[in-house]
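If you're matching positions, the sequence shown starts at 13 in mature numbering (1 follows the signal peptide of the UniProt record, and there is no 0) and goes up one per residue. Taking it in order: structure first as C-alpha cells, then the write-up.
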Amino acid sequence: CFCKLQGKVDDCNCTIDAVDYFNNKKAYPRISSLVLKDYFRFYKVNLKAKCPFWTDDSRCAMRYCNVKPCRQSDLPPVYKGFANGGDVSYTLSKNLASDDCEQDTNAELSFLNTTLSASIMEDFAAWKAYDDAQDYYCQLPDVDDEAEYVDLTLNPERFTGYKGKSAHRIWNSIYMENCFRPKNSYGAYIRSSKLNGMCLEKRVFYRVVSGLHASINLHLCANYLLSERESYGIISDTGRWGKNFKEFERRFSPAMTDGEGPQWLRNLYFVYSLELRALEKAAPYLEQEKYYTGREKEDNETVAAVNDFLRVVKTFPEHFNESAMFQGGDSAKKLKADFKSHFRNISRIMDCVGCDKCKLWGKLQIQGLGTALKILFADHVDFESEAQKGQFSTFRLRRSEIVALFNSIARLSSSIYELDQFGLTMR
Ligand code: FAD
C-alpha cells in the first residue's frame, strides 16, 4: 500500500517504524482511554465568534456538521455549580482559583491584538519586550465570555460533508497567506511539499499544518458515513459509519495527488513527533497537575492515567530536537515572532470554518498544537528544577490548553493507528 511509509520521519531522528510501534502498541491504547476522562472530555469553546477576515457566508447544512450540546447530568460538579443560563451552556466562574490569571491574560491579549493588526516589522521592538513566560500561540477560548462547554465524546471528529468553496478558502488561506511556504525558481509561492531551500523553522511550520490537515482528512476517511444505493437510484443514508477506502485513495494515493499524498502522511508523523516531545518536555509540569473536576475517584484515576501515559512517552527513544530551532541572534528572534504571529492568525481563521463540528475540532487541535509550541519554545523554563522546587513560577498552562494538548495528541495518535489499519486491509 502507498500508505506503508518507510525511513526516517522528516526533520526528526526517529523512524516511521519506531513511531508506528510506539504509537500503536503503547501510546494509542492509553491516550484514547485517557481522553474519555471527565477532565479531558469537556472543552470550553466559542463556536459563535465572528470570522475576522471575511463575511462568513456559507454554512454546512448537513446535520453531521452540528455540535450536540452537553448533557447536564454528565457535567462534573465543578462546572455545574456555575451554570450560565439554560441547561446546556456552562462557564467557569471568574472567581475560581484556576482562572486567577484572567486579568493578566486579558491585558496581554489586548496587547497581542494591537500587535497583530500592525505589520510585524513595525512592531518588532514591542515583540522584543514581550515576555516569553506568558506566551500564547493561540486565541484562548476560556477567557472568552461566549465560550461554552462541549462534550467531545458526543461529537466525534468524523465525516461531516463539509467541502467546496468554504472549506477550500480556509485551507487556502492557511497555506497561501499564513504559512511559510516554498517558492518556485521565479520566486513565486507554490503549494507543494518540496521544501528544498527552506530553513528548518519554516519547514517545521509547513509540516505541522500539513500534518494536521492530513490527520483531519484521514479521520473523515476512517469514520465515513457509509451510504447505500437504493433500488430507485436514490442514495440513502444508512446511519453506518466506517472506513471508506476509495475516499482514502482519492485523498492520499500518489496517482490522485500528483505524488504528494504520501508526503502529507509523512507530515502527520512529524506533527505527532513534535507534540510527543512537547509532552515529554512538560512532563514535570503535567505530573504535578491535579486534574480537578470535583469527582474524587475519577480525579485520582485521571492523575494515575496521565502519569502512566507520561511514563510511556518518556520511553520513546528518539524525540524531536527543538533546540536546533531559532538559533542565531536577532534574526532568529524575528523568525520566532513571525512564527507565533502566523500561528495565531491560523487560530483566528478557525472562526471562519463553516461547519460547527469541524470548527470545534479545528480549534481544539490548533490550540493543542499552539500549546505544544509554547512548551517547546519556552527557553526560559527549566521544567525539572521548577518541579523539584514544587512550584512553577515561570510557566503556566491553563485548563483549556492542557485539555487541547492531550486531545490533539490523541487525534494524531488515532490517525497513525487508523493509517496502519488502512495499510493492513489494502496490502
Ligand atoms: P481539501 O482537504 O479541502 O484540500 C484542499 C487542497 O489542499 C487539496 O486539493 C490538496 O491540493 C491540498 N492538500 C490536501 N491535503 C493536504 C495536506 N495534508 N498537506 C498539504 N496540502 C494538502 N471535513 C469532514 O468531513 N470532517 C471534519 O471534521 C472536517 N474538519 C475540518 C476542519 C477544518 C479546519 C477544515 C478547514 C476543513 C475540515 N473538513 C472536515 C473538510 C475537509 O478537510 C476537506 O476540506 C473537504 O473534505 C474537501 O476535501 P478536498 O478533497 O476538496 O481537499
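The beta-carbon is built from N, C-alpha and C at its ideal position, and this holds for glycine as well.
Extent of the continuous beta strand (DSSP E) to which lysine 56 belongs = 54 to 57
Going along the chain, which residues of its own chain have a beta-carbon closer than 7 Å to the beta-carbon of lysine 16, five neighbours each way excluded?
-> Gly435
When the Cα of arginine 83 is compared with those of Val283, Leu59, Asp163, Asp29, which residue comes out closest?
-> Asp163
Check: tryptophan 253 C-beta below 7 Å from any heavy atom of the ligand FAD = no
How should aspartate 311 be labelled, buried or exposed, when 16 other C-beta atoms within 10 angstroms of its C-beta is the threshold for buried?
-> buried
Residues bridged to threonine 27 by DSSP?
-> Lys20
Keeping to the same chain, check which residues put their C-beta closer than 7 Å to that of phenylalanine 34; ignore five residues upstream and five downstream.
-> Phe328
Thinking C-alpha only, which one of Arg75, Leu286, Thr269, Ala267 is nearest valine 220?
-> Leu286
With burial defined as no fewer than 16 other Cβ atoms inside 10 Å of the residue's Cβ, what is the status of threonine 437: buried or exposed?
-> exposed
Hey, quick one: how far does the alpha helix (DSSP H) through tyrosine 161 stretch, first residue to last?
-> That residue, tyrosine 161, is in no alpha helix (DSSP H); its beta strand (DSSP E) goes 160 to 163.
Endpoints, the alpha helix (DSSP H) within which tryptophan 276 is located | 273 to 298
C-alpha gap between lysine 258 and lysine 352, whole angstroms = 37 Å
Provide the residue(s) that pair with leucine 237 in DSSP beta bridges, ordered along the chain.
-> Trp253
Using only alpha-carbon positions, find the residue among Tyr51, Glu189, Val283 that is nearest to serine 420.
-> Val283
Bounding residues of the alpha helix (DSSP H) (the contiguous stretch that carries tryptophan 66) | Per DSSP, tryptophan 66 belongs to no alpha helix (DSSP H) and is neither H nor E.
At least three beta-carbon pairs within less than 8 Å, the region 357 to 375 to the region 52 to 63 | yes
Would the C-beta of tyrosine 51 count as close to the ligand FAD, meaning under 7 Å from any of its heavy atoms?
-> no
Out of Leu381, Lys38, Arg323, Pro88, point me to the one whose CA is closest to alanine 295's CA.
-> Arg323
With serine 335 as the anchor, note down where its alpha helix (DSSP H) starts and where it stops.
-> Element bounds for serine 335: n/a, residue is neither H nor E.
Whole angstroms is fine: what's the gap from lysine 38's alpha carbon to threonine 67's?
-> 45 Å
Could you tell me the boundaries of the alpha helix (DSSP H) in which glycine 380 lies?
-> 368 to 388
From Arg278, Asn256, Lys255, pick the residue whose C-alpha is nearest to that of proline 266; which is it?
-> Arg278
Hey, would you say alanine 290 sits closer than 8 Å to alanine 384, going by beta carbons?
-> yes
Does the Cβ of aspartate 342 have 16 or more other Cβ atoms within 10 Å, making it buried, or fewer, making it exposed?
-> exposed
Residues near tyrosine 51 by beta carbon distance below 6 Å, same chain, minus five either side = Tyr303, Thr305, Thr314
With distances taken from CA atoms, which of Lys401, Leu238, Leu232 is nearest arginine 263?
-> Leu232
Delimiting residues of the alpha helix (DSSP H) encompassing methionine 438 = 411 to 438
Glutamate 301 CB to nearest heavy atom of the ligand FAD below 7 Å | no
Just reading off the alpha helix (DSSP H) that leucine 322 is part of, what are its end residues?
-> 308 to 326
From what residue to what residue does the alpha helix (DSSP H) around glycine 176 run?
-> 176 to 184
Give a yes or no on whether the C-beta atoms belonging to phenylalanine 404 and glycine 382 are separated by under 8 Å.
-> no
Taking C-beta to C-beta, are asparagine 229 and tryptophan 253 nearer than 8 Å?
-> no
Taking the alpha-carbon positions, what's the leucine 224 to proline 88 distance?
-> 30 Å
At a cut-off of 7 Å, is tyrosine 174 close to the ligand FAD when judged by its beta-carbon and the heavy atoms of the ligand?
-> yes
Of the residues Arg423, Leu376, Gly273, the one placed nearest serine 45, counting alpha carbons only | Arg423
Backbone secondary structure at proline 41 - three-state DSSP = helix
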